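In the numbering used here, the protein residues as written are 387 to 551.
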Ligand SMILES: [Zn+2]
Ligand SMILES: [Zn+2]
Ligand SMILES: [Zn+2]
């Protein structure tokens, strides 16, 4: 029986403890049933529930749920990958000091991110904190996803891929 960890309560549970969700990769909601129903209750009691469905982020933020989840994510991530945090800090400092230039377009899809900034991807390993490829959030997520899928070795991207949408 498959199991996964609910990112909200951080408890590892069987997949059957997660609601069916056709839009998700594993066919299950990302939060466990318990957290999902707690959130539903909050959303029902709250007047902002009339906001459109796709405006979830605003609803969560208003409820303080998204922030809490985000913070837990960041903390867990930093504890798990201290070298990534260090490499990321080194990039931030180098950019601030003018030793590194953060471009405004993604080097892979050549798009200007609509939100946020182009991120530094440490394609040659985190022990070389200033050896980076600049990627938008989507391409950066893609490269790490494909890296995981190949067992953690492939750090490069199919360069020059055509922009999506
Ligand atoms: Zn949960
Ligand atoms: Zn991109
Ligand atoms: Zn990266």
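Virtual Cβ for every residue (Gly too), placed ideally from N, Cα, C. Being a predicted model, the structure only gives us computed values, none of them experimental.
On the criterion of 16 or more Cβ atoms from any shown chain inside 10 Å, does residue i qualify as buried, or is it exposed?
| i | result |
| --- | --- |
| residue 414 | buried |
| residue 476 | buried |
| residue 473 | buried |
| residue 466 | exposed |
| residue 494 | buried |
| residue 508 | buried |
Which of the three DSSP states is assigned to residue i in this structure?
| i | result |
| --- | --- |
| residue 459 | helix |
| residue 470 | helix |
| residue 505 | strand |
| residue 389 | strand |
| residue 530 | helix |
Kindly examine ligand 4 and report whether one of its heavy atoms sits closer than 7 Å to the Cβ of residue i.
| i | result |
| --- | --- |
| residue 494 | The model depicted lacks ligand 4 and carries ligand 1, ligand 2 and ligand 3 instead. |
Confirm the yes/no value for this check: CB of residue i, any heavy atom of ligand 1, distance under 7 Å.
| i | result |
| --- | --- |
| residue 420 | yes |
| residue 394 | yes |
Is residue i close to ligand 3? I mean its beta-carbon at under 7 Å from any heavy atom of the ligand.
| i | result |
| --- | --- |
| residue 526 | yes |
| residue 507 | yes |
Is the Cβ-Cβ distance between residue i and residue j less than 8 Å?
| i | j | result |
| --- | --- | --- |
| residue 459 | residue 393 | yes |
| residue 389 | residue 399 | yes |
May I ask you to check if the CB of residue i is nearer than 7 Å to at least one heavy atom of ligand 2?
| i | result |
| --- | --- |
| residue 521 | yes |
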